[in-house]
Structures are given as structure tokens and as C-alpha cells.
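Visitor:
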Amino acid sequence: MKITGFRTLTTVQDWGRPVGDVNGFIDDGITDVPLVVIETDGGLEGVGVGSHADLDRLFPALEGQDPRATSSLHDRMLAHVFKSGHAGATFGGVGAFDMALWDLKAKMAEEPLWRTLGAADRFVPAYASALEVAVPDEDLGALLQGWVDRGFASVKIKGGLDLDRDAARLRLVQDLFRQNTPRPALMLDANESWNRKQAVRHISELEREFDLTWVEEPLRRWDAEGMAMLTRSVRAAVATGENLTGLEQLRPLLDAGAVDIVQVGSMWGVTHFLRAAAVAHAHDLPVSPVGSLASPVWHAAAAVPNHLALEVQSLTDPVGLHTDHEVADGGVVLGDLPGNGLSIDEHAISEAHGRAGWSRAAGPHVRPARAGLRLVAEDASGRLSSEGR
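Here the numbering used here is used: the first residue of the sequence shown is 11, the next is one more, and so on.
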């Protein structure tokens, strides 16, 4: 069976709430979800989710090839963009194609991807993460109750701008998740919003009351020296890596002892996750996939020996994208359908209308001008909070 072509689709996720982080948020909670479908001469198709970046430049590396050669084809894609480089958005295109290739490989073996990858158990531990920075405190409990009802005992919140607000929200979610365990795992994601000493001060103050499991992206993603200093200064683990596009970007953090939990962006694909997990395992570090509305990398998480917990951001699927898994018992229970568990309803997707999604100018993927330069508390809009006036 040979690869003959590909096509792209874009559907939407209706979160039913504002979503984002301290860099910005989307008020209406409607975001675009790019899909990629690889076509073959045998009629089988593979589905990937994550990015449409540079697909036309990458596809010559795949055309006419056997889709089962997943690792080799990943490297062929990197070689095809050798001069311009594979970092940034291009790595998202590599990841989307890679997910579709692994889908095809498992379908050709007539088994679910977690079986193809060698996992013994279909259950994958997870934590709750609702991208809830713009959800008012009074609505936070009702939003997260869905995860509590599904047995979750671990939760991550967005924060980093206002110490008092972070403490109040950590207190709220701690009490909520005590329905399932006396000591819930609490994580705080600052999304690179601090400088080094801000991070130490903010985390140290929170640790007077809370036993934080980890702090996520406390500093700029490349600041190996700063994160090494930070992990020696606080009790909480430092988790980072989701925005690193390639093992070469991860290596300096590992060499510096700057990361305690190696995170991998789910949009970067299955092959990159497997390689990052192996490198982390060689350093006796756990790995955790970040930010997926669907399940391809979750199958890989089930197969590696050092997986800690994956991030579940939503309890609903994007429009026209159906997933073969169940969110239950504090994790994800993967299904038995051949492939990565993704199937698409192209008619439903054709009727979905995106609204600029994550790319809109207000963020949350636009770094504020004052990030890391604030002296007093600000709210998510960048204005002084009532505590800072």
C-alpha cells in the first residue's frame, strides 16, 4: 500500500466557556481544529489532528511511500525542510502527518494503535485542565464537577498574574477534588509569564499553604539556567517542554537539570512523543503529553514506561470528529477500533464555521508586552487588579 495524496479539513470545538491562559483568552469558546487525512492506493485513510502548516512542502517526503515506515517517514519530513528548519509551525505539520501515518499503520494491522505501539493496558492516567483562567471563581466548581464525576483526583489551573486569586482558586479546586481523594494533586500553569525571581517568590508564597505537584512553564521555554535555579529553590516540580519542537531543543534543559517533568505537545505527533519519552526515561524523568482534544498521542502515552498523566482539557469532541475512548476513573480508557480511534463526519464538518480560533490577535497565543516585567498584580487583560491599585 502506497501513499497517494492528502486532504485537509477544519472543524471547530465549542468549549461552552471562555478558554485561554494568562496571555489571553477567547470569549466565545469557539476554536478551530485542523484535520489532515492521508490517502492511499488501497483505499485506507489515516487521520491526524493539529496543524496545516507547511503540508505542501512536507508531502513529497511521503508520496509513494509505504505508510508503515513511520519513524523513517518522520525523518524524511524533517530532511525535506532541512534548509529552512522544522521548528515552529512546520513541526505541527510534521506532527499532523505523523499521526495520520500511525493511524494507517494500526489500521493495516487491524488493531487499535495502543496495541500496535506495544501497550499492555488501555487505561491512561490523566488530570483535569479546563483552560479556565477567564471563568469566574463562582462558576469554577460547576465547570470542573464533570471531571470530579469521572473520578479525577488531579487538577491544573491557569495563573501567575495575581497571587491572591491563584490562592483562592487553588483552595476552591482543592476542596472540590477532595470528593475523590484527601490530597488532590494541584498544578499551576503560568504559561511563561514570570521572570526568575518572580517565579520563586510566587511559588514559595503559594507553598506556604499548598503542596503543589508541579508548576508549568514558569519561565521562557529555553531558559535552562533559570529553570534549574527554580527547581532547586521550590518544592514543586518544574514541568516544561510542550512548546519545544524537536529533541535538540529539549537537550539543553535535560543537560542543565532544569526540568522535573518532561512535557510534550500532543500536536507534535506520536513519533516525537515516543522519542522524547525515551530521552526522558534515560534521565529517570516522567513524561506527560499536553493539550489534545483527541487521542492519537494518548495511545503512545499508554505504551511508554515513564508516562505520568495526560492532560484532558474537554469532555466533549470537536464537531464531526468522533473519538473511540471513554473519560472515566480519573483517566482515559482507549477503545478497540483499528487505528488511532479518530473518525470524521465530513458533512458535519462542512457545516461547521470557525471564528478565527486560537490565531485571533487577542491571544491566547500572543505574549503580552509586559510578561515577566510586572511589579504588581494584573488581571488577565493586563490591567492592574483591584489588589494592585
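Glycine residues also receive a C-beta, built at the ideal position from the N, C-alpha and C atoms.
Return the residue from the list I48, F35 and D147 that minimises the CA-CA distance to M11.
Guide: I48
Visitor: Hey, L186 and G161 are a contact pair by Cβ (cut 8 angstroms); roughly how many whole angstroms apart?
Guide: Actually they do not touch by this definition, with Cβ atoms about 13 angstroms apart.
Visitor: Pairing CB atoms from the stretch 171-185 with CB atoms from the stretch 347-361, are three or more of them under 8 angstroms?
Guide: At 8 angstroms Cβ cutoff, the stretches do not touch.
Visitor: If you draw a straight line from the alpha carbon of P348 to that of E142, how long is it in whole angstroms?
Guide: 34 angstroms
Visitor: If you drop the 5 nearest sequence neighbours on each side, which residues of the same chain put their C-beta closer than 7 angstroms to that of L111?
Guide: Taken in chain order, the residues that qualify are I48, G56, P77, T80 and L83.
Visitor: Can you find a C-beta in chain D that's less than 8 angstroms from the C-beta of H293?
Guide: The structure shown contains no chain D; it is built from a single protein chain.
Visitor: Would you say V272 and V248 are within 8 angstroms of each other, going by their C-beta atoms?
Guide: No, the pair does not count as a contact, with Cβ atoms beyond the cut-off.
Visitor: Which of the three DSSP states is assigned to R17 in this structure?
Guide: Strand.
Visitor: Look at the Cβ atom of S305, then the Cβ atom of T333, and state whether they are nearer than 8 angstroms.
Guide: yes
Visitor: Considering Cα atoms alone, identify which of R384, D339 and I13 is closest to R206.
Guide: R384
Visitor: Fully enclosed by the stretch 125-161, which beta strand (DSSP E) runs are 3 residues long or longer?
Guide: 133-139
Visitor: So what does DSSP say about Q23, is it helix, strand or coil?
Guide: Q23: strand per DSSP, three-state reduction.
Visitor: Please state the DSSP three-state secondary structure of W112.
Guide: helix
Visitor: Looking at Q75 and I13, is the spacing between their C-beta atoms short of 8 angstroms?
Guide: Yes, these two residues count as a Cβ contact at 8 angstroms.
Visitor: Alpha carbon to alpha carbon, how far is E87 from L344?
Guide: The amino acid at residue 87 is misidentified as Glu; the sequence shows Met. C-alpha separation (whole angstroms): 29 angstroms.
Visitor: When DSSP builds the beta bridges, which residues end up paired with S353?
Guide: H332
Visitor: What's the gap between the Cα of D265 and the Cα of P194?
Guide: 31 angstroms
Visitor: Would you report the Cα separation of A366 and W25, rounded to the nearest angstrom?
Guide: The predicted position of A366 is uncertain, since its pLDDT is 48 and thus under 50; a value taken from the coordinates is nonetheless stated next. Going by the C-alpha atoms only, they are around 15 angstroms apart.
Visitor: List, from N- to C-terminal side, the alpha helix (DSSP H) runs of 4 residues or more that fit wholly inside the stretch 26-112.
Guide: Counting whole runs of 4 or more residues, the stretch 26-112 contains the alpha helix (DSSP H) stretches 65-68 and 80-90.
Visitor: Identify every residue that forms a DSSP beta bridge with L344.
Guide: H335
Visitor: Locate the alpha helix (DSSP H) running through P192, then write down its first and last residues.
Guide: Here P192 belongs to no alpha helix (DSSP H), and DSSP marks it neither H nor E.
Visitor: Helix, strand or coil for V386? Go by DSSP, reduced to three states.
Guide: coil
Visitor: According to DSSP, simplified to helix, strand and coil, what is V376?
Guide: In the structure shown, V376 sits in coil (DSSP, three-state: anything other than H, G, I, E or B).
Visitor: What residues match up with A273 in a beta bridge as DSSP calls it?
Guide: Before going on, a small fix: residue 273 reads as Gln here, not Ala. BP columns for Q273 point to S298.
Visitor: Identify which residue in A177, Q189, W204 and R211 has its Cα closest to the Cα of M197.
Guide: A177
Visitor: Is the distance from the Cβ of M109 to the Cβ of V43 below 8 angstroms?
Guide: For M109 and V43, no; Cβs fall outside 8 angstroms.
Visitor: Under three-state DSSP, which class holds S305?
Guide: coil
Visitor: Measuring only the C-alpha atoms, how far is E120 from H309?
Guide: Here the C-alpha atom of E120 lies approximately 15 angstroms from the C-alpha atom of H309.
Visitor: So within the stretch 189-233, which uninterrupted alpha helix (DSSP H) runs reach at least 4 residues, ignoring any that extend past its ends?
Guide: 206-216
Visitor: Name the one or two DSSP bridge partners that T250 has.
Guide: DSSP output for T250 lists V272 as bridge partner(s).
Visitor: Grab me the residues of G128's own chain with a C-beta within less than 7 angstroms of its C-beta, minus the 5 sequence neighbours each way, in chain order.
Guide: These residues qualify, in order along the chain: A313.
Visitor: Which two residues bound the contiguous alpha helix (DSSP H) that contains E5?
Guide: Outside the shown range of the chain, which is 11 to 399, sits residue 5, and nothing can be said about it.
Visitor: Can you name, in chain order, every residue of its own chain whose Cβ lies under 7 angstroms from the Cβ of A238, other than the five neighbours on each side?
Guide: A266, G267 and A268
Visitor: When you compare the CB positions of H90 and P70, do they come within less than 8 angstroms of one another, or not?
Guide: yes
Visitor: For P296 and A290, which I take to be in contact (beta-carbon distance under 8 angstroms), what is that distance rounded to the nearest angstrom?
Guide: 7 angstroms
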